[in-house]
Amino acid sequence: MLSYILRRIVATLPVMAIVALFVFSLLYIAPGDPAVVIAGDQASPEDVERIRQSLGLDRPFLIQFGSWVWRILHGDLGTSIFTNLPVSAMIGQRLGPTLSLMIVTLLLTIVVAVPLGVVAAWKAGSLIDRVIMGFAVFGFSLPVFVVGYMLAYVFALELEWLPVQGYTPLAQGFWPWLENLILPAVALGCVYIALVARITRAAMLEVLQQDYIRTAKAKGLGQGGILFIHALKNASVPIVTVIGIGIALLIGGAVVTESVFAIPGLGRLTIDAILRRDYPVIQGIVLLFSFVYVLVNLMIDVTYTLVDPRIRY
Amino acid sequence: MALLEVENLQTHFRTPGGINRAVDGVSFHVNEGETLAIVGESGCGKSVTSMSLMRLVPEPPGRIAGRIRFAGKDLLKLSDREMRAIRGNDISMIFQEPMTSLNPVLTVGRQIRETLMIHQGLDKQAAETHAIEMLTLVGIPEPKRRVREYPHQLSGGMRQRVMIAIALACNPKLLIADEPTTALDVTIQAQILKLMLDLKRRVGAAIILITHDLGVVAEIAERVMVMYAGRKVEEAPVAELFRSPRHPYTQGLLGAVPRLGSSLAGTATRLAEIPGQVPDLRKPITGCVFAGRCALATDLCRQYAPGLEEKGPRHIAACHYAAKGAVAA
Numbered sequence: 001m002l003s004y005i006l007r008r009i010v011a012t013l014p015v016m017a018i019v020a021l022f023v024f025s026l027l028y029i030a031p032g033d034p035a036v037v038i039a040g041d042q043a044s045p046e047d048v049e050r051i052r053q054s055l056g057l058d059r060p061f062l063i064q065f066g067s068w069v070w071r072i073l074h075g076d077l078g079t080s081i082f083t084n085l086p087v088s089a090m091i092g093q094r095l096g097p098t099l100s101l102m103i104v105t106l107l108l109t110i111v112v113a114v115p116l117g118v119v120a121a122w123k124a125g126s127l128i129d130r131v132i133m134g135f136a137v138f139g140f141s142l143p144v145f146v147v148g149y150m151l152a153y154v155f156a157l158e159l160e161w162l163p164v165q166g167y168t169p170l171a172q173g174f175w176p177w178l179e180n181l182i183l184p185a186v187a188l189g190c191v192y193i194a195l196v197a198r199i200t201r202a203a204m205l206e207v208l209q210q211d212y213i214r215t216a217k218a219k220g221l222g223q224g225g226i227l228f229i230h231a232l233k234n235a236s237v238p239i240v241t242v243i244g245i246g247i248a249l250l251i252g253g254a255v256v257t258e259s260v261f262a263i264p265g266l267g268r269l270t271i272d273a274i275l276r277r278d279y280p281v282i283q284g285i286v287l288l289f290s291f292v293y294v295l296v297n298l299m300i301d302v303t304y305t306l307v308d309p310r311i312r313y
Numbered sequence: 314m315a316l317l318e319v320e321n322l323q324t325h326f327r328t329p330g331g332i333n334r335a336v337d338g339v340s341f342h343v344n345e346g347e348t349l350a351i352v353g354e355s356g357c358g359k360s361v362t363s364m365s366l367m368r369l370v371p372e373p374p375g376r377i378a379g380r381i382r383f384a385g386k387d388l389l390k391l392s393d394r395e396m397r398a399i400r401g402n403d404i405s406m407i408f409q410e411p412m413t414s415l416n417p418v419l420t421v422g423r424q425i426r427e428t429l430m431i432h433q434g435l436d437k438q439a440a441e442t443h444a445i446e447m448l449t450l451v452g453i454p455e456p457k458r459r460v461r462e463y464p465h466q467l468s469g470g471m472r473q474r475v476m477i478a479i480a481l482a483c484n485p486k487l488l489i490a491d492e493p494t495t496a497l498d499v500t501i502q503a504q505i506l507k508l509m510l511d512l513k514r515r516v517g518a519a520i521i522l523i524t525h526d527l528g529v530v531a532e533i534a535e536r537v538m539v540m541y542a543g544r545k546v547e548e549a550p551v552a553e554l555f556r557s558p559r560h561p562y563t564q565g566l567l568g569a570v571p572r573l574g575s576s577l578a579g580t581a582t583r584l585a586e587i588p589g590q591v592p593d594l595r596k597p598i599t600g601c602v603f604a605g606r607c608a609l610a611t612d613l614c615r616q617y618a619p620g621l622e623e624k625g626p627r628h629i630a631a632c633h634y635a636a637k638g639a640v641a642a
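Printed below as a string of structure tokens:
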């Protein structure tokens, strides 16, 4: 098992290298010359040329790429063109809120979507099933910002149950931290919950047809034990997969959610960096997200072996 | 004394093509410690009968009517909770496919423990010990290791032994075995049958054996009930039935069994087959259910359904022409 995980980590290296190449090429593919942007409106062509040289933008592509990778491997993601701060420090500052948002959304999704899917499959064809699946379609069709503003209006402005926006670090207490994350997590989780609930239902429907479910009934097990132990564990491979894939959805959705709820996270940083053409920051963030995604995939594969003893590596 | 008395059992399914009368007015009983075989071809309602006894038929689309008296209780009148307390405890079941009847993601030990913990109130430790004893009892070597293994690590025969261990863990009064050996190869079949008989004697359970294998019936059953198209057509003690089958369908079934070595002995004949097909159970049947395939059928058979009549000692059959004594075949 350990050797499998090690092998998998080694195998992610080429993937990361290709991602890095893409990320780096951004600078060349995207329109606009960063040197011109940094120099500003008043700059003379000489100024622009000087900046270009100081950034190494005049050197050949591969050499630039090589030295960039070399620096990244030493933990140096470069310096922001706009703020002159190290990119790693900027990301580090913004990581907390985004990570909090993602984790709360992930937990919320698992806690809500999986039971909904299980109940829908158990009561397949009934009114309950139709209501749940109706909500799933609804959740799927509404954009994050619409849900976000609606939630903020109802629960923050009208009912005043929760704060409208902002973020409080976990260090200042669990409830202040969570309070600020509930509405964003619900808004961000809508699509995700819909997706996971649908997949859970489909996977459960298939499992509930199996002979071993009949055996479990014949043993005198209650409905709960049959659904959540005998059936759900068998249905969990597709569910785990879609929860993992959904993390990519979360990364995209977090950018919008953070804007709606004014959370100072990586999403906001990304948007700001893109607007300012702050390439080192964009590269750093994309690289980080890719790394997280590769890591999540590895975790999915490891989880498979935990839920299904027939899967061995 | 009768442990189980079934009266006029009717299990019908609502289907798009009409109501399927899978079991249509079947009555029988099983005495304590007795082995009753239910035989018939695929689709005759024998499995649905057994599922109905456990109330495992999905309702809807299924509907079970009639009376099932088990140890003084009418099972059809019990609440779901009361029924669950009986399943796996007083009545337990072994299924046809050992390969798919065990949960692939739970250990063998857990699957045996479960019934003990639900029904006998044992804690995990005690249930584990008992599970190992059960595995020893059903002849699984190295039970302490096997108890921690998953079904895919066991062979088909072993898995069926595990199923038997689960079924007998709570000392049931009635064991329903639905084609327990059909999916196994012949040498394993014999071992499993012997095991079932041994355990039955030890536990004192009655058995309902559902099968289409007449060899198995001859081996372990005491009484046989023959089903056709959702109805009981004949019932007799096993020796009596094999010696003088009265219903033309039973005669057909017995004629369709190959005799080993007959081709070497030069006595080989073409296996007798029963021409035609089982009637569509979604349409009402007037007259005898077997009339469409019976060589002896007359207008009487096509118009009036024969009742079950006494044809010999403890021997009943539903046929107008099966006289008391041998039938003109």
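Chains A and B, in that order, give the protein sequences. Numbering-wise, the numbering used here puts 22 at position 22 of the first sequence, and it's gapless, one number per residue. Numbering-wise, the numbering used here puts 598 at position 285 of the second sequence, and it's gapless, one number per residue. Glycine included, C-beta positions come from ideal geometry on N, C-alpha and C. Keep in mind it's a predicted model, so treat the numbers as computed, not measured.
Opening and closing residue of the alpha helix (DSSP H) in which residue i lies
i, result
"residue 334 of chain B", "Residue 334 of chain B -> not in any alpha helix (DSSP H); beta strand (DSSP E) instead, spanning 331 to 344."
"residue 369 of chain B", "It is not in any alpha helix (DSSP H) - residue 369 of chain B carries neither H nor E in the DSSP assignment."
"residue 149 of chain A", "144 to 151"
"residue 555 of chain B", "551 to 556"
"residue 61 of chain A", "61 to 73"
"residue 306 of chain A", "279 to 307"
"residue 77 of chain A", "Taken as a continuous stretch (DSSP letters only), residue 77 of chain A belongs to no alpha helix (DSSP H), as it is neither H nor E."
Residue i classed as buried or exposed, judged by whether at least 16 other C-beta atoms fall within 10 angstroms
i, result
"residue 46 of chain A", "exposed"
"residue 261 of chain A", "buried"
"residue 154 of chain A", "exposed"
"residue 383 of chain B", "buried"
"residue 355 of chain B", "exposed"
"residue 26 of chain A", "exposed"
"residue 509 of chain B", "buried"
"residue 487 of chain B", "buried"
"residue 496 of chain B", "buried"
"residue 406 of chain B", "buried"
"residue 641 of chain B", "Note that residue 641 of chain B has pLDDT 42, beneath the 50 cutoff, so the model's placement of it is unreliable and the number below is only indicative. Label assigned to residue 641 of chain B: exposed."
"residue 457 of chain B", "exposed"
"residue 635 of chain B", "buried"
"residue 515 of chain B", "exposed"
"residue 519 of chain B", "buried"
"residue 20 of chain A", "buried"
"residue 265 of chain A", "buried"
"residue 485 of chain B", "buried"
"residue 92 of chain A", "exposed"
"residue 421 of chain B", "buried"
"residue 321 of chain B", "exposed"
Delimiting residues of the beta strand (DSSP E) encompassing residue i
i, result
"residue 473 of chain B", "Element bounds for residue 473 of chain B: not the beta strand (DSSP E) but the alpha helix (DSSP H), 469 to 481."
"residue 46 of chain A", "Note, residue 46 of chain A: premise wrong, no beta strand (DSSP E); alpha helix (DSSP H) at 45 to 55."
"residue 443 of chain B", "Where residue 443 of chain B is concerned, there is no enclosing beta strand (DSSP E), although the alpha helix (DSSP H) it sits in stretches over 437 to 450."
"residue 180 of chain A", "No beta strand (DSSP E) contains residue 180 of chain A, which is instead part of the alpha helix (DSSP H) from 174 to 208."
"residue 405 of chain B", "404 to 407"
"residue 323 of chain B", "315 to 328"
"residue 390 of chain B", "From DSSP, residue 390 of chain B is part of no beta strand (DSSP E); its letter is neither H nor E."
"residue 154 of chain A", "Element bounds for residue 154 of chain A: n/a, residue is neither H nor E."
Identity of the residue in the options nearest residue i by Cα
i, options, result
"residue 138 of chain A", "A/123, A/185, A/189 and A/104", "A/189"
"residue 326 of chain B", "B/447, B/378 and B/481", "B/378"
"residue 132 of chain A", "A/197, A/264, A/213 and A/176", "A/197"
"residue 339 of chain B", "B/564, B/348 and B/318", "B/318"
"residue 555 of chain B", "B/544, B/568, B/598 and B/442", "B/568"
"residue 72 of chain A", "A/110, A/120, A/17 and A/104", "A/17"
"residue 374 of chain B", "B/410, B/333 and B/463", "B/333"
"residue 9 of chain A", "A/121, A/176 and A/295", "A/295"
"residue 602 of chain B", "B/344, B/626 and B/592", "B/592"
"residue 206 of chain A", "A/221, A/236 and A/217", "A/236"
"residue 1 of chain A", "A/308, A/310 and A/302", "A/302"
"residue 433 of chain B", "B/483, B/452 and B/560", "B/483"
"residue 280 of chain A", "A/39, A/41 and A/82", "A/82"
> Using a Cβ cut-off of 7 Å, which residues of the region 148 to 180 of chain A contact any Cβ in chain B, in chain order?
Replying inline: none
> Taking Cβ-Cβ distances below 9 Å as the criterion, which residues of the region 209 to 229 of chain A are in contact with chain B?
Replying inline: 210, 211, 212, 213, 214, 215, 216, 217, 218, 219, 220, 221, 222, 223, 225 and 229
>> So if I threshold CB-CB distances at 8 Å, which residues from the region 286 to 308 of chain A count as touching chain B?
In response: 307 and 308
> Listed in chain order, which residues of the region 104 to 131 of chain A have Cβ atoms closer than 9 Å to some Cβ of chain B?
Replying inline: none
>> By the 8 Å beta-carbon criterion, what residues does the region 229 to 246 of chain A contribute toward chain B?
In response: 229, 230, 233 and 234
> If contact means a Cβ-Cβ distance below 8 Å, which residues of the region 439 to 457 of chain B contact chain A?
Replying inline: none
> Taking the runs of the alpha helix (DSSP H) that are 4 residues or longer, which of them lie wholly in the region 567 to 630 of chain B?
Replying inline: 612 to 616
>> What are the residues in the region 411 to 422 of chain B lying within 9 Å of chain A by C-beta distance?
In response: 412, 413, 414, 415, 416, 417, 418, 419 and 420
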